[in-house]
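Contents: one structure, followed by commentary.
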Amino acid sequence: QSVLTQPPSASGTPGQRVTISCSGSSSNIGSNYVYWYQQLPGTAPKLLIYRNNQRPSGVPDRFSDSKSGTSASLAISGLRSEDEADYYCAAWDDSLSGPVFGGGTKLTVL
Amino acid sequence: QVQLQQWGAGLLKSSETLSLTCAVYGESFSGYYWIWIRQPPGKGLEWIGEINHSGSPKYNPSLKSRVTISVDTSKNQFSLKLSSVTAADTAVYYCARGGVTYRLHMDVWGKGTTVTVSS
Chain A
1299 QSVLTQPPSA
1309 SGTPGQRVTI
1319 SCSGSSSNIG
1329 SNYVYWYQQL
1339 PGTAPKLLIY
1349 RNNQRPSGVP
1359 DRFSDSKSGT
1369 SASLAISGLR
1379 SEDEADYYCA
1389 AWDDSLSGPV
1399 FGGGTKLTVL
Chain B
247 QVQLQQWGAG
257 LLKSSETLSL
267 TCAVYGESFS
277 GYYWIWIRQP
287 PGKGLEWIGE
297 INHSGSPKYN
307 PSLKSRVTIS
317 VDTSKNQFSL
327 KLSSVTAADT
337 AVYYCARGGV
347 TYRLHMDVWG
357 KGTTVTVSS
């Protein structure tokens, strides 16, 4: 049982915009930055979005995030086949005094 | 370019101790946190613990009684030991680099080591 709650799956067709939600609490998302990781099949997670919608070099601006209260969302616009992956949200948890993750959302590009 | 190379035993029996090492290449060991994450088959990510260059570890409370993370700055390596393993510890184990201020800024990862615990 993950501390942060994500839908197990999401899907969209090429070119569409899809969003993935991440729900937490006041001790994590409500008071700390949210991070998003992308995990392609058989590979290690990759940092996708960090601290208020910032992207590491090489991550296209089709990826963006937002936060409201104790929930966050990852948006992917102009969906492409290579976006098919698992996506994880993460945040520092003040109660745990450590990071917590969502259970992951498997994105399928139809 | 920073790289993390990890290794360790991939097949264990219940009650044995898991031991993994992660070597850091192309970057100074200081100024970052060095983190272990695991992912059980078909499941999400779980933080195991972290350590900084001065050797101050921090552990997930759910694993704290069984985990030891240590650092060898002379070799630019850090290690994970998890004692008394059970089938529930079967997972892919990753090492990662976290930021000194924001540990969740994990921008460099090892390729992962699959650890299977059999009874």
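For the protein sequence lines, the chains are A and B, in the order given.
Using the numbering used here, the letters of the first sequence correspond one by one to residues 1299 to 1408.
Using the numbering used here, the letters of the second sequence correspond one by one to residues 247 to 365.
For each residue, glycine too, the CB sits at the ideal point set by N, CA and C.
Contacting residues, own chain, Cβ-Cβ under 7 angstroms from residue i (five flanking each side not counted)
i	result
A:Ser1324	Thr1368
Same chain only: Cβ atoms within 6 angstroms of residue i, ignoring 5 sequence neighbours per side
i	result
B:Ile315	Gly295, Ile297, Pro303 and Leu326
B:Arg343	Tyr278 and Val354
B:Thr360	Gly256 and Val338
A:Pro1305	Thr1403
Neighbouring residues, chain A, relative to residue i (Cβ below 8 angstroms)
i	result
B:Leu350	Tyr1331, Tyr1333, Tyr1348, Ala1388, Ala1389, Trp1390 and Pro1397
B:Asn306	Leu1394 and Gly1396
B:Trp355	Ala1342, Pro1343 and Lys1344
Local conformation of residue i per DSSP, three classes
i	result
A:Ala1388	strand
B:Asp318	strand
Partner residues on chain B for residue i, Cβ-Cβ distance less than 8 angstroms
i	result
A:Gly1401	Lys289 and Gly290
Buried versus exposed call for residue i [16 or more other C-beta atoms within 10 Å across all chains shown]
i	result
B:Ala334	exposed
A:Ala1389	buried
A:Asn1330	buried
A:Leu1338	exposed
A:Asn1350	exposed
A:Thr1406	exposed
B:Gln285	buried
Proximal residues of chain B, C-beta to C-beta of residue i below 9 angstroms
i	result
A:Pro1305	The contacting residues do not exist; A:Pro1305 stays about 13 angstroms from chain B at best.
A:Ser1300	Lys289, Gly290, Leu291 and Glu292
Neighbourhood of residue i by C-beta, 8 angstroms cutoff - its chain only, sequence neighbours within 5 removed
i	result
A:Val1316	Ala1308, Ser1309, Gly1310, Ala1373, Ile1374, Leu1377 and Leu1405
To test your reading of the DSSP string, which unbroken beta strand (DSSP E) runs of 3 or more residues are found completely within the stretch 1335-1385 of chain A? With a minimum length of 3 residues, the unbroken runs of beta strand (DSSP E) contained wholly in the stretch 1335-1385 of chain A fall at 1344-1347, 1361-1366 and 1369-1374.
Run through the stretch 256-306 of chain B for me and flag every whole beta strand (DSSP E) of 3 or more residues, listed as ranges in chain order. Segments of the beta strand (DSSP E) lying fully in the stretch 256-306 of chain B: 257-259, 264-271, 278-285, 292-298 and 303-305.
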